[in-house]
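Colleague:
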Amino acid sequence: MIRWIRQQLGFDPPHQSDTRTVYIANKFPHHGHYIPQRFADNRIISSKYTVWNFVPKNLFEQFRRIANFYFLIIFLVQLMIDTPTSPITSGLPLFFVITVTAIKQGYEDWLRHNADNEVNGAPVFVVRSGSLVQTRSKNIRVGDIVRVAKDETFPADLVLLSSDRAEGTCHITTASLDGETNLKTHFAVPETAVSQTVSRLESIQAVVECQQPEADLYRYVGRITVDQQGEEIVRPLGPENLLLRGARLKNTKEIFGVAVYTGMESKMALNYKCKSQKRSAVEKSMNTFLIIYLGILLFEAILSTILKYAWQAETTWDEPFYNQKTDKERNSSQILKFISDFLAFLVLYNFIIPISLYVTVELQKFLGSFFIGWDLDLYHEESDQKAQVNTSDLNEELGQVEYVFTDKTGTLTENEMQFRECSINGIKYQEINGKLVPEGMTADTPDGPVPCLNKEEELFLKAVSLCHTVQISYDQTDAPGDPFSHANGFTPQMEYYASSPDEKALVEATKRMGVTFTKCSGETMEIKTFGKAEKYKLLHVLEFDANRRRMSVILQKPSGEKVLFTKGAESAILPYTTSGEIEKTRVHVDEFAMKGLRTLVVACRNFSADEYQEVDKRLHEARTALQQREERLAEVFNFIEKDLEVLGATGVEDKLQDKVQETIEALRLAGIKVWVLTGDKHETAVSVSLSCGHFHRTMNILELVQQKSDSECAEQLRMLARRIKEDHVIQHGLVVDGASLSLALREHEKLFMDVCKNCSAVLCCRMAPLQKAKVVRLLKTSPEKPITLAIGDGANDVSMIQEAHVGIGIMGKEGRQAVRNSDYAIARFRFLSKLLLVHGHFYYIRIATLVQYFFYKNVCFITPQFLYQFFCLFSQQTLYDSVYLTLYNICFTSLPILVYSLFEQLVHPHVLQSKPALYRDNSKNSLLSFKTFLYWTFLGFCHAFVFFFGSYILMGEDTTLMGNGQMFGNWTFGTLVFTVMVITVTLKLALETHFWTWMNHFVTWGSIAFYFIFSLFYGGIIWPFLHTQDMYFVFVQLLSSGSAWFAIIIMIITCLFPDVIKKVLFRHLHPTSTQKSQFIEANQGIGCVDSMCCFSEGQNSCTRMGRLVERMMGRCDPSRATRCELSLSSLCCKHISYKLEREEPAAPDD
């Protein structure tokens, strides 16, 4: 019962040890002192709340917000002491905000509960009591043997015991986990692989020992001890033995596995992405302004309290004849009275803090984020992928970016590899018509005789076709006959799958040249050299990792010899070589890199019988270790991968994505500095940087590479700094490698930053993933605090994406880890231009105006209340009716600013893209600068003074403004102030609006009309449930006075006319770039045409488009109007926008 309560409250029992012991089929030992470990059940819980904790947990989270907590305190003060306003004035808006937020979060959580129930209730088969039993997924326990059939997903993390294949292998795809669609092969240990029936599985006596759950999808450390006839056999378990929950079984009829991690302890559940904790610059500014307004509130409350007691120092005002004090009041503590009065004034002025600001901002971000997904310009038709928003909290940050950090492979390039050249035994070769031809020679005709390979060429191609983790898939896996019966293995059914595009390109290249990888089953790899089959026994795979930067296989040749084939970066292979054409290969690798090719060096090592025995022993010990397995494996791998013989090198081309050069140039014109961070070698990275426009041919390229010591690095940095000052070159580019960067960041961070900031483009090559994040953090935390953006497509970019202010994932071919960990995801790098220059620009302008306007309208609202106290002896008499106090922010002024913040466009999107420099107008958070904030606050105070004293001048001397001699009272005075205020603040926003849609018109004029209708309705009826009705017939009486109408018009003009004059003068005398673009756009006159859905009878959309082209004749070539599309504005103002492509004119039809 206690455990159930702890689970309901969200607490999990802590693990008692660093490892877990799993008894297969839950066959626990029979000795009495064994205490079984407790494991989580197999329920997936993605929901945040339960029925029991929803109310307290949700309230706790909401009241952590300073504004909500502040209004709660005000509400409690109103309940405890006698205050001038009803507790409803604070309680109702607070209740509304809390309730709306709770309903929204509760509904979202209810949807998650439904999804969880569907997953947890899925049918599964487990082995229990010697038979196969169907149960629900949530009932699986750690230790259960689970059966999974073809194309089913794994319901828990399983260690593979056996499959329908004799060798105990199976193929899976992990697309739902990391996006990789290639088939991966997983293995069972030989001792359990033979148990392919339920009865044999039930008889297994085995124990799995492994690490406690962790989130890393690619790491698993464990071992299995199998008891066979009294003998214990220990086998290592690694990632290749673990079938992850969420992965899918492919090309295998069925498998059996034992559950080791279940429910929320499975790796999939541990990788659930939490909501980003990044905070935008706008949110930080908003909190700063909130604190300033809190200071204004405290100042007004303290001043009013002091003035009240100063006024009451005179006996006449302290106890007038009409308001005699009671004995209790005379004898009460002066300190308590002072505190009570201070709190009362605090309550009276508390609406200067806008409670609805946070709700409006959240709504604006949430609704505004849909526009990114709806934008057809961000849709990639080939892959059928649209832009994706993972967090809407950072929309406005897209308009403030100063530095872009981008990966190269898969981000700037397509990550589609094509084999181009190779070096074998010191000789360069090219592929021509599927044949390997030495450089300088020409190939024979394609149908000529089969070429004969020499010994070195054949060994190199065999090494390339065997040293990899490529999988083969067939369309007809269960068909009878030998699928490899055709010569050279060229069967239409065979297709290679690889997690690395490089490996796939290399294996396909060797296939074209005559050495075909045809089969990989268990411990056997098969190749065919011009039709002659050779079988190699796969002894060990030394997996690739980012630290070693190489991978190896140990094979047994058909002759029985043991050989190691290894491939990797030249910096990870050549230092460990002792024979072969080392220097020639190094030169060729540099030449390949200068051409922009991705390079790999291939080497081998032959083992004697004694050497292999030692290698096998060390590998077994390291792989069966439960503690520090990675460190021990790394040590053994270094022991094995030495004394290598160089066989050659490969050069693979990765072509650039479309419009990369134009995108980088647009970002540069927008004032954004682009840094490329890549793991490629120096020459390759520089070549690609030049081809994509990151480096210009005229740019002065500075280098900080191959630095060996701190002093050498410091001297080089000083020399570069001098060159930047002395060289009269407009632009500099800097190239840094990973090793030099480590030295620069260790002791000379400031000097390095000074050099980088004076360079318009920086290229960092040979970078490890953590180094990428370190560079981003370095810029992010520099004194200028620039806004950074990181963009990448692979798992090695995740740390950089998470470190930057804004992280963008590319939906590429390296899985979905970058996308899952990003704030936004796009399909191509070129989409970054519109995402920043258009969407970022719009989002920032909209939310900046929203924040400033909210504070402005609340200053307008509460300042007359403060001024009124000077005319009522600081008696805490409220100026407005309680209903007006409550509804001002909720109903009367909320919708116009929300609609403005969703649709406002200062200039057309096409103008923003064609003039990237407009992006600079809003840099450094300029619209939320302290100067702008002071302007809006000052404007609010000025308008408030006009509202109050304009009304006072009208009514101060003579309140008989009615034709029948009736007098106006204080409620009429307050209503007059409130009426002028509602109209003025609404019209002020109308003046700020540049892009009018039907929705803007509806909510702007509708809000004013709603205020009048509501006031007439509220004051025209006697409401029986109201304790007092001070407003009865007040509004009707006010509107029946011509003087009041005249005063309303005069005060509105007085407030807004100076604002109009200021706008006109500044627009003509000191226009911004944006205002100049507005002027040009207005003069051109063709921004919108009538909607295509509104043509008259007998017309169609082509007729309408034809008229548009005719009107444009003389201004642009009609042949360039290649596409027209509905813009977002057509949803709002029944307009369409035309789009002119900047490419060459369309070719005429044949």
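In the working numbering, the protein residues as written are 10 to 1159. All C-beta atoms, glycine included, are put in the ideal place defined by N, C-alpha and C. Model, not experiment: these values are computed from the prediction.
With a 10 Å radius around its C-beta and 16 neighbouring C-beta atoms as the bar for buried, classify P1157 as buried or exposed.
Modeller: A caution first: P1157 carries a pLDDT of 40, below 50, which makes its placement in the model unreliable, though a value can still be read off. Its Cβ having fewer than 16 others within 10 Å, P1157 is exposed.
Colleague: Can you grab the Cα-Cα spacing for the pair S285 / V398, in whole Å?
Modeller: In this predicted model, S285 has a pLDDT of only 46, less than 50, meaning its place in the structure is not dependable; the value taken from the coordinates is given anyway. In a straight line, the C-alpha of S285 is about 12 Å away from that of V398.
Colleague: From what residue to what residue does the beta strand (DSSP E) around I75 run?
Modeller: That residue, I75, is in no beta strand (DSSP E); its alpha helix (DSSP H) goes I75 to M89.
Colleague: From the DSSP output, read off the bridge partner residues of D746.
Modeller: Bridge partners of D746: C774.
Colleague: Can the beta-carbon of G818 be found closer than 7 Å to that of V828?
Modeller: Cβ distance < 7 Å, so G818 and V828 count as in contact.
Colleague: Specify, as a first and last residue, the run of the beta strand (DSSP E) that H195 falls within.
Modeller: Residues K193 to F196.
Colleague: Across the region 858-866 and the region 358-369, are there enough close Cβ pairs to call them in contact, namely three or more that are closer than 8 Å?
Modeller: Touching, yes.
Colleague: Identify every run of the alpha helix (DSSP H) within the region 176-253, keeping only runs that are complete inside it and at least 4 residues long; order them along the chain.
Modeller: The region 176-253 contains these whole alpha helix (DSSP H) runs: 184-187, 199-202 and 207-211.
Colleague: Verify whether the separation of the beta carbon atoms of V155 and V135 is less than 7 Å.
Modeller: Taking 7 Å as the Cβ cut-off, V155 and V135 qualify as a contacting pair.
Colleague: Please give the ranges of any beta strand (DSSP E) in the region 661-742, keeping only runs that are unbroken, at least 3 residues long and fully inside the region.
Modeller: Correct list: 682-686 and 709-713.
Colleague: Can you tell which of I992, T1002, Y1041 and T1006 has the C-alpha that lies nearest to the C-alpha of F1019?
Modeller: Answer by Cα proximity: I992.
Colleague: Would you kindly work out how many angstroms separate the C-alpha atoms of V610 and A472, rounded to a whole number?
Modeller: So the alpha carbons of these two residues sit roughly 11 Å apart.
Colleague: Looking only at DSSP bridge pairs, what is R145 linked to?
Modeller: DSSP output for R145 lists P132 as bridge partner(s).
Colleague: Just grab the DSSP bridge partners of R614 for me.
Modeller: According to DSSP, which records beta bridges pairwise, R614 is partnered with L573.
Colleague: From R29 to L548, what distance separates their C-alpha atoms?
Modeller: Going by the C-alpha atoms only, they are around 29 Å apart.
Colleague: Hey, is S903's beta-carbon within less than 7 Å of any beta-carbon in chain D?
Modeller: Chain labels in this structure do not include chain D; a single protein chain is all it has.
Colleague: Count the other CB atoms within 10 Å of the CB of P510; is the residue buried (16 or more) or exposed (fewer)?
Modeller: Buried.
Colleague: Are there 16 or more other CB atoms within 10 angstroms of the CB of T587, so buried, or fewer, so exposed?
Modeller: Exposed, by the Cβ-count rule.
Colleague: If L915 sits next to T1083, beta carbons under 8 Å apart, how far is it from one beta carbon to the other, in whole angstroms?
Modeller: Correct: roughly 5 Å between the Cβ atoms.
Colleague: Within the region 935-960, note down every full alpha helix (DSSP H) run reaching 4 residues or more, in order along the chain.
Modeller: Whole alpha helix (DSSP H) segments, 4+ residues: zero.
Colleague: Please list, in chain order, all residues of the same chain as A111 whose beta carbon is under 6 Å from its beta carbon, the five residues on each side excluded.
Modeller: So the qualifying residues of the chain are N67.
Colleague: Check E440 in the structure and name its three-state DSSP category.
Modeller: If DSSP states are grouped into helix, strand and coil, E440 belongs with the strands.
Colleague: Indicate whether the contact test is met: 3 or more Cβ pairs, each with one atom in the region 242-256 and one in the region 176-185, closer than 8 Å.
Modeller: Cβ pair count under 8 Å is three or more, so yes.
Colleague: Roughly how many angstroms separate the alpha carbons of V216 and K147, rounded to a whole number?
Modeller: In a straight line, the C-alpha of V216 is about 23 Å away from that of K147.
Colleague: Exposed or buried, which one is G266 when buried takes at least 16 other CB atoms within 10 Å?
Modeller: G266 should be labelled buried.
Colleague: Per DSSP, which residues does L609 bridge with? Please list them.
Modeller: Its beta-bridge partners are T659.
Colleague: Using DSSP with H/G/I as helix, E/B as strand and the rest coil, what is K566?
Modeller: K566: coil per DSSP, three-state reduction.
Colleague: Are L772 and S698 close, meaning C-beta to C-beta below 7 Å?
Modeller: It is a contact, given that the beta carbons lie within the stated cut-off.
Colleague: Beta strand (DSSP E) containing G816: first to last residue?
Modeller: Residues V815 to I819.
Colleague: Quick one: is C881 buried, meaning 16 or more other Cβ sit within 10 Å of its Cβ, or exposed?
Modeller: Its Cβ having fewer than 16 others within 10 Å, C881 is exposed.
Colleague: Out of T659, F646, L754 and K626, state which residue places its alpha-carbon closest to the alpha-carbon of M598.
Modeller: Position check: residue 598 holds Val in this sequence, whereas Met was assumed. Checked all of T659, F646, L754 and K626; the closest Cα to V598 is T659.
Colleague: What would DSSP say about L653, mapped onto helix, strand or coil?
Modeller: Three-state DSSP puts L653 in a strand.
Colleague: Use the C-beta contact count for R724: other C-beta atoms within 10 angstroms, 16 or more gives buried, fewer gives exposed.
Modeller: According to the sequence shown, residue 724 is Glu rather than Arg. That one is exposed.
Colleague: Straight-line CA distance for A836 to S700?
Modeller: Approximately 21 Å between the Cα atoms of the pair.
Colleague: Could you tell me the boundaries of the alpha helix (DSSP H) in which F987 lies?
Modeller: Per DSSP, F987 belongs to the alpha helix (DSSP H) from N979 to E1001.
Colleague: Apply the 10 Å Cβ neighbour rule to A518 and answer buried if 16 or more other Cβ atoms are within range, or exposed otherwise.
Modeller: Looking at its Cβ environment, which holds 16 or more other Cβ atoms inside 10 Å, A518 is buried.
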